[in-house]
Amino acid sequence: MQRLIWLAVAAGMALSLQSAHARAGINVITSTEDLASLVREIGGDKVSVEALAKGYQDPHFVEAKPSFVIKLHNADLLVVIGRELEVGWLPPLITQSRNTKIQPGSQAYLDASLTARILDMPTGQITRAMGDVHPLGNPHYWLEPGNGRRIAKAIQDKLTSLSAGDAAYFAQRFTDFDRRLAEGEKRWQATMAPYKGLKIVTYHRSWSNFADVFGLDVVGYVEPKPGIPPSPAHQLALTQEMKRQAIKIILVEPYFDLQTPNKIARDTGARVLVMPPSVGGVKEVQNYLQLFDYDVSLLVSAIKDTGAGR
Amino acid sequence: MGELTVWQIAEFLAAPFAASLILTGIHTYLGVHVVERGVIFVDLSLAQIAALGATIAILMPFSDGDPHSRSVYWVSLAFTFIGAAIFSFVRTKHARIPQEAIIGITYAVASAAAILAMSKSTSQAEHLKDMLVGNIIAVSWPDVFKTAGLYGAVGLFHYVYRKPFLAISMNHEHAEATGLNVRLWDFLFYASFGFVVTSSVSIAGVLLVFCYLIVPSVAAMLYAEGIGRRLAIGWTMGTVVSALGVCLSLVLDLPTGATIVCTFGLVLVLMAAARPLIKPRLNR
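First to last, the protein sequences are chains E and R. For the record, in the first sequence the residue sitting at position 29 is 27 according to this note's numbering, with numbers rising by one throughout. For the record, in the second sequence the residue sitting at position 230 is 670 according to this note's numbering, with numbers rising by one throughout.
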């Protein structure tokens, strides 16, 4: 009986995988939906792409499912954010996939961070006094349009090396994406221009690149380490600082608990703004350009509402 | 890139399935002891102590912050043995205080201490918990063989000394009256138990290990009295549920560990429901 169930299951999976595979092209798996969107921009119909982590999930913690291993096994290319963002869940799955092409360092493994502009790089010896520091720099670098361009370029190079015959196609798609991204950048910068230097507080150190590009000044963090409640001293200092500087906005990713930010918001009269940091974080955001359209307009309307810009 | 054949898919699941069989083997046996002793949550408590040890070790300069380094493993094992010493000592000294209370207190304090330790870390705190808790779908063959060897040794040790272990688990006072060094045997029990639980948690996660420990032996208690029979029922149930859970997680594409845990719950309910129909016939 047991063996029969096994066979039935295995046969069913094999069939579904075969049909999925028939779509063909270069089969790309990415760790996050932001990367999947960028691969789609460059690869067009020459690739089929799927993200393991959904945009509404915290990319630090993803519950592995059996299909992940099988998808990785079938992948012709794996694109990851790197900088230890996925270190808690992805490495054992890559090993388990037994796909030699996509092992770290191999030809079909692309760490998108290698050509990106990385912030919060610790310089010199890391000490405890510095708080929560990613030794390899801030892994939330995709929240900067310029890095979207750099990642797209790296994807173009990688796809070209995997399928040289389509080089012109990928190049043309990159040029097109580059143009739309540049238009977007102009639009977003223009919308944000009146609020240059606006002081905000964020939940975790996830918005460094975003704040840097759009001229926001992050003066503090609610929970420097997610999952570890801030000490009363930290909370008190943050509340006082926010009152002193009249800070009206607390940015939080959708997957974090709102208890502490809400408490601080009550104490300071600030507003908690839940803002998606990834494609797929809310249903209106289906690609990389929409992510910035959505976040910028969400932020600006919150600034207007709270009068933070004045 | 060729398509996956039936056998390739079976191959992917072979390692997690083999691991779940090993877990069934040792944990069903240990579970009989644990349920008899009435120390149901001792594994969660010991696992938490081990995690505290690992967390502290990762923060020390000698481990280079690598959660998979040897020094982390040894420190975490040392903490487990300290926990074992606490549990074996407390039981004989303070009979008035239920042992389960001590276990609960230990769990809470160890969890909180781990949070304090993590709040002092410079980096990676957010991944730490993940890296200490395994995921059965990601288990590799070398892990399976290593675990099989270790658990085989522990199993052999328990088989050789089954008399004192069983005597204490079944009737503590009587065992003490016969002049057995209960504290020593208790320490050996909790130490070997903690050793197994720590390794299991690192490959399968806390929830799954707890289920493998408690559910098969409870299910077996519904149907049988003797140790031999209980083990037979427990092992059968564990094997069937593992196979079923792994299959369900594949077909429905759900996280494997949690699927097996829920399958355990479901099968236990079914077994309890079927008991009035089957039990009278067994006893006749």
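Here a beta-carbon is modelled for each residue, glycine too, at the ideal position from N, C-alpha and C. Remember, it's a predicted structure, so these values are computed and weren't measured experimentally.
Per DSSP, what are the beta-bridge partners of residue i in this structure?
i: Leu249/E; result: Thr200/E, Leu271/E
i: Ser46/E; result: Asn25/E
i: Gly77/E; result: The sequence shown places Val at residue 77/E, rather than the Gly named in the question. Bridge partners of Val77/E: Thr28/E, Leu108/E.
I'd like to check one pair, residue j with residue i: are the Cβ atoms closer than 8 Å?
i: Gly634/R; j: Gly523/R; result: yes
i: Asp176/E; j: Arg147/E; result: yes
i: Tyr167/E; j: Gly42/E; result: yes
i: Glu82/E; j: Pro137/E; result: yes
i: Asp74/E; j: Ala49/E; result: no
i: Val658/R; j: Leu590/R; result: no
i: Leu112/E; j: Gly135/E; result: no
i: Val649/R; j: Val637/R; result: yes
i: Ser29/E; j: Pro57/E; result: yes
i: Ile68/E; j: Lys44/E; result: no
i: Val47/E; j: Val26/E; result: yes
i: Gly278/E; j: Glu39/E; result: no
i: Met558/R; j: Glu476/R; result: no
i: Asn309/E; j: Leu141/E; result: Past the boundaries of the shown model lies residue 309/E; chain E is included only from -1 to 308, so the question cannot be answered.
i: Gly53/E; j: Ser295/E; result: no
i: Ser460/R; j: Ile700/R; result: yes
i: Thr696/R; j: Leu684/R; result: no
i: Ile79/E; j: Leu108/E; result: no
i: Val272/E; j: Pro252/E; result: yes
i: Asp583/R; j: Ile498/R; result: no
i: Val270/E; j: Val298/E; result: no
i: Leu214/E; j: Ile198/E; result: yes
i: Thr258/E; j: Pro228/E; result: yes
i: Met457/R; j: Val686/R; result: Before going further, note that residue 457/R is Phe rather than Met in the sequence given. Going by C-beta atoms, Phe457/R is nearer than 8 Å to Val686/R.
i: Tyr630/R; j: Ser528/R; result: yes
i: Gly182/E; j: Leu287/E; result: yes
i: Gly574/R; j: Val641/R; result: yes
i: Ser580/R; j: Ala487/R; result: no
i: Trp675/R; j: Thr546/R; result: no
i: Ile555/R; j: Ile226/E; result: yes
i: Phe502/R; j: Ser511/R; result: yes
Report the CB separation of residue i from residue j in whole angstroms; it is logged as a contact under 8 Å.
i: Pro656/R; j: Thr464/R; result: 7 Å
i: Ala169/E; j: Leu36/E; result: Their Cβ separation, rounded to whole angstroms, is 15 Å, which puts Ala169/E and Leu36/E out of contact at 8 Å.
i: Trp186/E; j: Phe290/E; result: 5 Å
i: Phe627/R; j: Ala550/R; result: With a Cβ gap of about 18 Å, Phe627/R and Ala550/R do not count as contacting.
i: Ile301/E; j: Ala268/E; result: In fact, because the Cβ distance is near 12 Å, the residues do not count as touching under 8 Å.
Could you check where the beta strand (DSSP E) with residue i kicks off and where it finishes?
i: Thr28/E; result: 24 to 28
i: Ser219/E; result: Rather than Ser, the amino acid found at residue 219/E in this sequence is Tyr. It spans 215 to 219 - the beta strand (DSSP E) in which Tyr219/E sits, taken as one unbroken run.
With 8 Å as the threshold, decide whether the Cβ of residue i is near any Cβ in chain B.
i: Pro90/E; result: Included in the structure are the protein chains E and R, with no chain B among them.
Just to confirm the assignment, what range does the alpha helix (DSSP H) spanning residue i have?
i: His614/R; result: 612 to 617
i: Phe502/R; result: No alpha helix (DSSP H) contains Phe502/R, which DSSP labels as neither H nor E.
i: Arg171/E; result: 165 to 190
i: His412/R; result: Lying outside 441 to 724, the shown extent of chain R, residue 412/R is not represented and no answer is given.
i: Phe290/E; result: 286 to 304
i: His232/E; result: 230 to 242
i: Lys560/R; result: Segment: none, Lys560/R is in no alpha helix (DSSP H) and carries neither H nor E.
i: Ser657/R; result: 646 to 663
i: Ile149/E; result: 143 to 160
i: Arg670/R; result: 667 to 691
i: Arg115/E; result: Unbroken run through Arg115/E: none, as it is neither H nor E.
i: Arg264/E; result: 257 to 266
i: Gln94/E; result: 88 to 95
i: Ala209/E; result: 206 to 211
i: Lys69/E; result: 64 to 72
Exercise for the section: Check each residue of the region 593 to 626 of chain R: if its Cβ is closer than 9 Å to any Cβ of chain E, include it; give the result in chain order. Expected result: Result list empty, no residue passes.
Exercise for the section: Using a Cβ-Cβ cut-off of less than 7 Å, give me the residues of the region 551 to 562 of chain R that come near chain E, in sequence order. Expected result: Of all residues in the region 551 to 562 of chain R, Ile555, Met558, Ser559, Lys560, Thr562 have a Cβ within less than 7 Å of some Cβ in chain E.
Practice task
May I ask you to list, following chain order, the residues of the region 508 to 541 of chain R that have a beta carbon less than 8 Å from some beta carbon of chain E?
Solution key: Result list empty, no residue passes.
Handout entry: Positions along the region 38 to 68 of chain E whose CB lies within less than 7 Å of some CB in chain R
Key = Answer set for the region 38 to 68 of chain E: His58, Phe59, Glu61, Ala62, Lys63, Pro64, Ser65, Val67, Ile68.
Problem - Contact residues within the region 21 to 32 of chain E, judged by C-beta distance below 8 Å to chain R - result: Taking 8 Å as the Cβ-Cβ cut-off, the region 21 to 32 of chain E approaches chain R at Asn25, given in chain order.
Exercise for the section: Please name the residues in the region 688 to 717 of chain R whose beta-carbon is closer than 7 Å to at least one beta-carbon of chain E, in chain order. Expected result: Listed in sequence order: Ser689, Leu690, Val691, Asp693, Leu694, Pro695, Thr696.
Practice task
Report the residues of the region 89 to 116 of chain E with a CB closer than 7 Å to any CB of chain R, ordered along the chain.
Solution key: If the cut-off is 7 Å between Cβ atoms, the region 89 to 116 of chain E has Pro90, Leu91, Thr93, Gln94 near chain R.
Practice task
Residues of the region 574 to 595 of chain R with a CB closer than 7 Å to any CB of chain E: list them in chain order, please.
Solution key: Against chain E - using a Cβ distance shorter than 7 Å - the residues of the region 574 to 595 of chain R are Asn575, Ile577, Ala578, Ser580.
Problem - chain E contacts from the region 628 to 660 of chain R (Cβ-Cβ distance under 8 Å) - result: Result list empty, no residue passes.
Handout entry: Members of the region 478 to 508 of chain R that neighbour chain E once the beta carbon cut-off is set at 7 Å
Key = Those residues of the region 478 to 508 of chain R that come within reach of chain E (Cβ to Cβ, closer than 7 Å) do not exist; the list is empty.
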